[in-house]
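Here is the structure we will look at.
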Amino acid sequence: MWPTHWVGPLLSLLFVGMVLLQHSRITRYLVALSYYAAGSVGLLRGVAVFFGAHAFWWEGAFLWLGSAALLSAGWAFADRPWKAVLVLLLDALLPPLGLFDWLSPLSAAGLLFPGMGLMGLLALGLLFLLIDAMWRHPVAARRGYRAWILGGLFAVSLIANEAVWTASEGAPSGWLGIDLQVGPASRSILTNQARHAAIIQDVLAPSRNRNIRVVLLPETLETEWAGNVWALQHAIPRGQIWLVGMSIPGAPGLLSDSIVALQAKGKPQTLFNSAFPVPVSMWHPWSRGTGYTVASNVGYTAGWWTAVRNIEGIRTWANICYDQLLPFVWIEGVIQNPQVILLTNNEWWAHGTGIPVIQANTAWVWTRLMGAPSLEAENA
């Protein structure tokens, strides 16, 4: 994990404070715009890499500034802490803002109240409301019950953080996440064959240990064609389960971004689907293709809800790539209270940007809130 993983969530709290200190709507909006624009500037380069040489520079600029401008709008009216709470909830839960609400200060609940799950989110909201009450009535607040409640919240925060430090757990014994460097699939058959062979070789090397039972592979590593599944199954050692990130063909022009359980024998089992794939590049219901490849304008479906699954008797929940930036997806996990969290993603399209750092930090702080160990697999 990144050595400065706590900095982003802390800055998000400071951002809320900076907004509340402003005295006009325009200055509150400008503070918010600066925060979101600075945090998502990596979209400029990321869009260019993802869409390729044919992408226009203004496409990245539009997504960057457009999303920042929309996310900043509500903060113009947040002149009180309770209004800040309302903006946080509206941005996180209501479309379209909830579909690109990266950098949300809601994630700071994991920094202040780790392991508390839904109660941690409620505690963060209560903290803002208490600050609001003390702001309006400072003298009475210092003498009344609000100060005691506020002090109690800080005590709970300290105790929760101490508990996390002393009782931190890793992934279940025998579970292994594999990081690969095979990049995206190619339109060249020969190149794809070499890539496929490299995947199997790179996964087998660390997973031959007899104690390894569950192996997690990165997002959209393969398309679920019969030949790909056959080759993977014949490579899997007996007794192991490979959780493979796959694009699963559905209707013409539509795939799902999924995690599929494969064993040496038996049918593939789709366990998890991405709640909301990357908008515009992957999720674009306004534009439907005719086939199952990128060249035919293929799109990805949104699962909207990711349910907990039982893997080897362990309640397991997955958060796939872009979903790791979205509060509403994490709240789904918080509600279900899993025992272990699977994190899969691709990083090949985000080299040279701050996106992987933001995504990793966001995943760290939300898993910290949930108090569950995580298992990660990345493809660079």
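Residue numbers (this note's numbering): 805 to 1184.
For each residue, glycine too, the CB sits at the ideal point set by N, CA and C.
Check                                                                                                                                                                    : Outcome
Is the distance from the Cβ of L984 to the Cβ of V1019 below 8 Å?                                                                                                        : no
Going by alpha carbons, who is nearest to L916 out of L1173, N1183, L1179 and A1184?                                                                                     : L1173
Going by beta carbon distance, what residues of the same chain come within less than 8 Å of V1133, once the five residues before and after it are set aside?             : A1079, F1080, T1110, N1123 and D1127
Quick one: is L931 buried, meaning 16 or more other Cβ sit within 10 Å of its Cβ, or exposed?                                                                            : buried
Given a cut-off of 8 Å on the beta-carbon distance, is the pair L817 and A937 in contact?                                                                                : no
Can you list, in chain order, the residues of its chain with a C-beta nearer than 8 Å to that of Q1067? Leave out the 5 residues immediately preceding and following it. : Q1037, I1040, Q1044, I1045 and W1046
Going by DSSP in three states, M805 sits in which element: helix, strand or coil?                                                                                        : The predicted model places M805 with a pLDDT of 46, which falls under 50 and marks its position as unreliable; any figure quoted below should be read in that light. In this structure, M805 counts as coil in the three-state DSSP scheme.
By Cβ distance below 7 Å, which residues in the same chain neighbour L1021 in space, the five residues on each side in sequence not counted?                             : I982, V1007, W1046, L1047, V1048, G1049 and A1181
Measuring CA to CA, which of A975, P900 and G921 is closest to A872?                                                                                                     : P900
Between P1142 and the rest of its own chain, which residues show a CB-CB distance below 8 Å, the 5 nearest in sequence each way excluded?                                : V1112, R1119, T1120, W1121, M1174 and A1176
Out of L894, A998, W879 and S1062, which one is the CA nearest neighbour of T1148?                                                                                       : S1062
Which residues in the same chain have their Cβ closer than 6 Å to the Cβ of G987, if we skip the five residues on either side of it in sequence?                         : W1152
Candidates W1108, T1094 and G1093: which alpha carbon is nearest V1082's?                                                                                                : W1108
DSSP three-state call for N1165: helix, strand or coil?                                                                                                                  : helix
Considering E1182, what are the terminal residues of the beta strand (DSSP E) in which it resides?                                                                       : S1178 to N1183
Give the range of the alpha helix (DSSP H) segment to which L834 is assigned.                                                                                            : R829 to G843
Where are the beta strand (DSSP E) runs, 3 residues long or more, that stay fully inside the region 1049-1088, in chain order?                                           : 1058-1066 and 1073-1077
Under 8 Å Cβ to Cβ from L928, same chain only, skipping five residues before and after it: list those, please.                                                           : L910, A912, A913, L916 and F917
In whole angstroms, give me the CA-to-CA distance for I935 and W886.                                                                                                     : 9 Å
Just how far apart, CA to CA, sit L1059 and T1105?                                                                                                                       : 6 Å
Quick check on DSSP: helix, strand or coil for V986?                                                                                                                     : coil
With 16 other CB atoms within 10 Å as the buried threshold, where does W806 fall?                                                                                        : Reliability fails at W806, whose pLDDT of 46 lies under 50, so the model's placement of it is uncertain and no value is given.
Could you tell me which residues DSSP pairs with R1092 in its beta bridges?                                                                                              : None, per the DSSP bridge assignment.
Given this structure, state the Cα-to-Cα distance separating G956 from L847, to the nearest angstrom.                                                                    : 41 Å
Excluding five sequence neighbours on each side, which residues of the same chain lie with their C-beta closer than 7 Å to the C-beta of G974?                           : P1177
As an exercise, report each continuous beta strand (DSSP E) stretch of at least 3 residues that is fully enclosed by the region 1000-1051, in chain order.               : 1018-1020
Is it right to say A959 is buried, meaning 16 or more other beta carbons lie within 10 angstroms of its own, or is it exposed?                                           : exposed
For T1166, count neighbouring Cβ atoms within 10 angstroms of its own Cβ and tell me buried if that reaches 16, exposed if not.                                          : buried
In whole angstroms, give me the CA-to-CA distance for V1169 and P813.                                                                                                    : 7 Å
Using 8 Å as the threshold, is the C-beta distance between A1065 and P1072 below it?                                                                                     : yes
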